[in-house]
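Okay, structure first, notes after.
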Amino acid sequence: MSGDRPSPLVIERILRDRQGIWQQIVAEGDLNALTGRMLASSAVALACYGAVLGAFHSPLMALTSALKLPLLFLVTLAICLPTLYLFNLVFGARLSVRQSLALVMVAITVTSMLAVAFAPISLFFLITAPDYGFFKLLNVAILTLSALVGLRFLTGGMQVLNDHGLLAPAPSSAPAQATAPATVPAGAVPATVPAGVVPAAVPAGSTGAAGAVAEPVAVPAGAAAGSTANGAAPDATTAAPAPGQVPAQWNGQPAGASFPPGMMPPGYPAAQRPFGTPPVRRGEPTQRPASMTLLYIWILLFGFVGTQLAWTLRPFFGDPDKDFSLFRSIDGNFYAEILRTIANL
9 MSGDRPSPLV IERILRDRQG IWQQIVAEGD LNALTGRMLA SSAVALACYG
59 AVLGAFHSPL MALTSALKLP LLFLVTLAIC LPTLYLFNLV FGARLSVRQS
109 LALVMVAITV TSMLAVAFAP ISLFFLITAP DYGFFKLLNV AILTLSALVG
159 LRFLTGGMQV LNDHGLLAPA PSSAPAQATA PATVPAGAVP ATVPAGVVPA
209 AVPAGSTGAA GAVAEPVAVP AGAAAGSTAN GAAPDATTAA PAPGQVPAQW
259 NGQPAGASFP PGMMPPGYPA AQRPFGTPPV RRGEPTQRPA SMTLLYIWIL
309 LFGFVGTQLA WTLRPFFGDP DKDFSLFRSI DGNFYAEILR TIANL
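Sequential numbering of the sequence shown, starting at 9, is according to the numbering used here.
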């Protein structure tokens with residue numbers, strides 16, 4: 009499905025083309041429209057699932073639960089999103105507010121759509137096994153499973169942003185130093201030549217103190233050490249391979265194979281590696297950015313805020329032994345209620 013095609017089924021694009029979603033967030037391309045579609049889809053899905061929850065008590069409870077469940081997720085997002093954004097800035101990430109919002113909305117959209125996909129199962133048990141404690145635990149398990157899958161999408165999206173360098177500070181723009189002089193004045197040959205660098209061409213019959221040098225080229229150190237005693241340079245036609253190219257005789261690699269700058273494999277001849285390029289050590293662990301570690305802490309915070317807010321906005325199911333009430337008094341907590349319900353089954 010094309011990302012530019014307006015459709016309420018944004019979840020289909022998220023599931024089928026998640027890499028395209030991440031690339032759109034990285035490029036900040038039309039994020040307002042994407043976030044709006046995810047917000048609308050999530051609100052409708054959560055309202056439908058909330059109506060199933062409240063149907064256990066009465067049609068009026070179904071209506072209020074349909075309004076309160078989307079409110080629960082959106083208010084939790086409004087409380088926790090500034091923390092995620094500001095702490096990312098503190099640790100050097102370069103995420104914008106729109107990118108952070110779109111990323112979290114992907115997780116909420118996946119959560120809400122999975123929850124509404126479970127709605128027929130919840131409705132089935134509501135009709136066939138109308139036990140209040142069992143029905144409450146069943147739907148808490150459904151919402152927990154859906155939230156875990158949605159948060160898995162959130163961590164995957166943050167990893168993609170990390171791969172694009174958005175979770176690390178901006179690189180310094182200091183100009184790179186030249187590795188060799190562009191030209192050497194005619195008639196001047198350095199008295200000393202760095203190891204592995206010899207003149208590309210020296211006129212026949214000229215001595216070390218005379219002659220023109222076109223430009224220095226790098227050759228293996230062993231070749232430089234094998235120069236003749238009278239200071240004559242090796243054959244100018246035997247040129248060293250360009251930095252980044254693997255010679256045909258090195259480690260059985262095909263001629264012309266290349267590597268990205270700064271990514272020479274271990275064992276590559278030192279004289280053929282660009283100056284200042286460290287060898288790559290395979291198997292070294294890469295350092296996890298602080299923003300990724302912070303994300304897992306933020307997920308725990310999001311869960312605690314969400315469960316406490318759900319307890320504050322209850323009832324969602326509606327105890328059949330009690331009359332309809334828009335809100336209950338704030339006493340106890342969500343986790344104690346779940347443990348009490350399990351004990352009473």
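Yeah, the Cβ is synthetic: ideal placement off N, Cα and C, and Gly gets one too.
Using a threshold of 7 Å, state whether the C-beta atoms of Lys76 and Leu321 are closer than that. In the sequence shown, the residue the question calls residue 76 occupies position 68. In the sequence shown, the residue the question calls residue 321 occupies position 313. Yes, these two residues count as a Cβ contact at 7 Å.
Determine the burial state of Pro78: buried for a count of at least 16 other Cβ atoms within 10 Å of its Cβ, exposed for fewer. As a working mapping, residue 78 is identified with position 70 in the sequence shown. Around the beta carbon of Pro78, a 10 Å sphere encloses 16 or more other beta carbons of the protein chains shown; the residue is thus reported as buried.
Classify Ser49 as buried or exposed, calling it buried when 16 or more other Cβ atoms lie within 10 Å of its own Cβ. Here residue 49 is taken as the residue at index 41 of the sequence shown, counted from 1. Result: buried.
Distance between Gln167 and Gln27 (C-alpha atoms, nearest Å): Locating residue 27 in the sequence shown gives position 19, where the first residue counts as 1. Locating residue 167 in the sequence shown gives position 159, where the first residue counts as 1. Taking the straight line from one Cα to the other gives about 12 Å.
Using a Cβ-Cβ cut-off of 6 Å (strictly less than) and excluding sequence neighbours within five positions of Ile350, which residues of its own chain qualify? As a working mapping, residue 350 is identified with position 342 in the sequence shown. If we look at Ile350 and ignore the five residues flanking it on each side, it has no Cβ neighbours.
Where Ile150 falls: helix, strand or coil (DSSP): Sequence index remark: in the sequence shown, residue 150 carries index 142 (1-based). Under the three-state reduction of DSSP, Ile150 is assigned to helix.
Mind checking which residues open and close the alpha helix (DSSP H) that includes Ser120? Taking the first residue of the sequence shown as 1, we reach residue 120 at position 112. Its alpha helix (DSSP H) spans residues 105-125.
Would Ile19 and Ile29 qualify as a contact pair, given that the criterion is a beta-carbon distance under 7 Å? Taking the sequence shown and counting its residues from 1, the one referred to as residue 19 is at position 11. Taking the sequence shown and counting its residues from 1, the one referred to as residue 29 is at position 21. With respect to the 7 Å criterion, Ile19 and Ile29 are not classified as neighbours on the basis of their beta carbons.
If we count Cβ pairs, one from each stretch, closer than 8 Å, do we get three or more for the region 57-73 versus the region 120-139? Short answer: they touch.
Classify Ile338: buried if its beta carbon has 16 or more other beta carbons within 10 angstroms, exposed otherwise. In the sequence shown, counting from the first residue as 1, residue 338 sits at position 330. Classification of Ile338: exposed, given that the 10 Å Cβ count is below 16.
Ala110 to Ser333, Cα distance in whole Å? Against the sequence shown, residue 110 aligns to sequence position 102. Against the sequence shown, residue 333 aligns to sequence position 325. Their backbone Cα atoms lie some 35 Å apart in a straight line.
Do Leu317 and Leu80 have their beta-carbon atoms positioned less than 7 Å apart in this structure? In the sequence shown, counting from the first residue as 1, residue 80 sits at position 72. In the sequence shown, counting from the first residue as 1, residue 317 sits at position 309. Yes. Within cutoff.
Can you say whether Arg45 is buried or exposed, counting buried as having 16 or more other CB atoms within 10 angstroms of its CB? For this step, residue 45 is matched to residue 37 along the sequence shown. Buried, since its Cβ has 16 or more Cβ neighbours within 10 Å.
Where does the unbroken alpha helix (DSSP H) through Ala94 begin, and where does it stop? Looking up residue 94 in the sequence shown gives position 86. The residue asked about is misnamed: residue 94 is Leu in this sequence, not Ala. Segment 67-98, the alpha helix (DSSP H) holding Leu94.
Grouping DSSP H, G and I as helix and E and B as strand, with all else coil, what is Lys330? In the sequence shown, residue 330 corresponds to position 322, counting from 1. Note: Lys330 maps to coil in three-state DSSP.
Under 8 Å Cβ to Cβ from Val157, same chain only, skipping five residues before and after it: list those, please. Along the sequence shown, read from residue 1 onward, the residue named residue 157 stands at position 149. Taken in chain order, the residues that qualify are Val118, Thr119, Leu122.
Chain B within 7 Å of Ala137, Cβ atoms only: Structure shown: chain B not included; a single protein chain is present.
For Pro277, does the three-state DSSP call read helix, strand or coil? As a first step, residue 277 is located in the sequence shown; it is residue number 269 there, counting from the start. Since pLDDT at Pro277 reaches only 49, below the 50 mark, its modelled position is unreliable, and the value read off the structure follows with that caveat. Coil, per DSSP.
Could you give the distance in angstroms between the alpha-carbon of Trp306 and the alpha-carbon of Ala101? Position 298 of the sequence shown holds residue 306. Position 93 of the sequence shown holds residue 101. Computed Cα separation, rounded: 15 Å.
So Tyr140 packs on Pro328, CB below 8 Å; how close in whole Å? Position 132 of the sequence shown holds residue 140. Position 320 of the sequence shown holds residue 328. Between Pro328 and Tyr140 the Cβ distance is about 6 Å, and since that is below 8 Å, they are a contact.
Check whether His65 and Gly311 have beta carbons under 7 Å apart: Residue 65 sits at position 57 when you count from the first residue of the sequence shown. Residue 311 sits at position 303 when you count from the first residue of the sequence shown. No, Cβ-Cβ distance for His65 and Gly311 is not below 7 Å.
Considering just the uninterrupted stretch of the alpha helix (DSSP H) at Ser50, what are its terminal residues? In the sequence shown, counting from the first residue as 1, residue 50 sits at position 42. Start and end: 39-62.
Here's a check: name, in chain order, each residue in its chain whose Cβ is nearer than 7 Å to the Cβ of Asn147, leaving out the five neighbours to either side. Translated into positions along the sequence shown, residue 147 becomes position 139. The residues are Leu61, Ser130.
Here's the rule I'm using: 16 or more other beta-carbon atoms within 10 Å means buried, otherwise exposed. How should Ile33 be labelled? If you number the sequence shown from 1, residue 33 lands on position 25. It counts as buried.
Return helix, strand or coil for Asn352, following the three-state DSSP convention. As a working mapping, residue 352 is identified with position 344 in the sequence shown. Helix, per DSSP.
Limits of the alpha helix (DSSP H) - the one that Glu36 falls within: Position 28 of the sequence shown, counting from 1, holds the residue named residue 36. Element bounds for Glu36: n/a, residue is neither H nor E.
DSSP three-state call for Ile346: helix, strand or coil? Within the sequence shown, numbered from 1, the residue matching residue 346 stands at position 338. Helix, per DSSP.
Which same chain residues, not among the five before or five after Ala51, have their C-beta less than 7 Å away from its C-beta? In the sequence shown, the residue the question calls residue 51 occupies position 43. Contacts found: Pro78.
Compute the Euclidean distance between the alpha carbons of Leu151 and Ile87, then round it to the nearest angstrom. Here the question's residue 151 lines up with position 143 in the sequence shown. Here the question's residue 87 lines up with position 79 in the sequence shown. Distance between the alpha carbons of Leu151 and Ile87: 20 Å.
Starting from Leu23 and walking both ways along the alpha helix (DSSP H), at which residues does that stretch end? As a first step, residue 23 is located in the sequence shown; it is residue number 15 there, counting from the start. Run containing Leu23: 18-24, per the alpha helix (DSSP H) assignment.
In chain order, what residues of the same chain lie with their CB nearer than 6 Å to the CB of Asn352, ignoring the 5 residues before and after it? As a first step, residue 352 must be located in the sequence shown, where it is residue number 344. Only Gly141 meet the Cβ criterion.
Consult DSSP for Asn341 and reduce its assignment to one of helix, strand or coil. Taking the first residue of the sequence shown as 1, we reach residue 341 at position 333. If DSSP states are grouped into helix, strand and coil, Asn341 belongs with coil.
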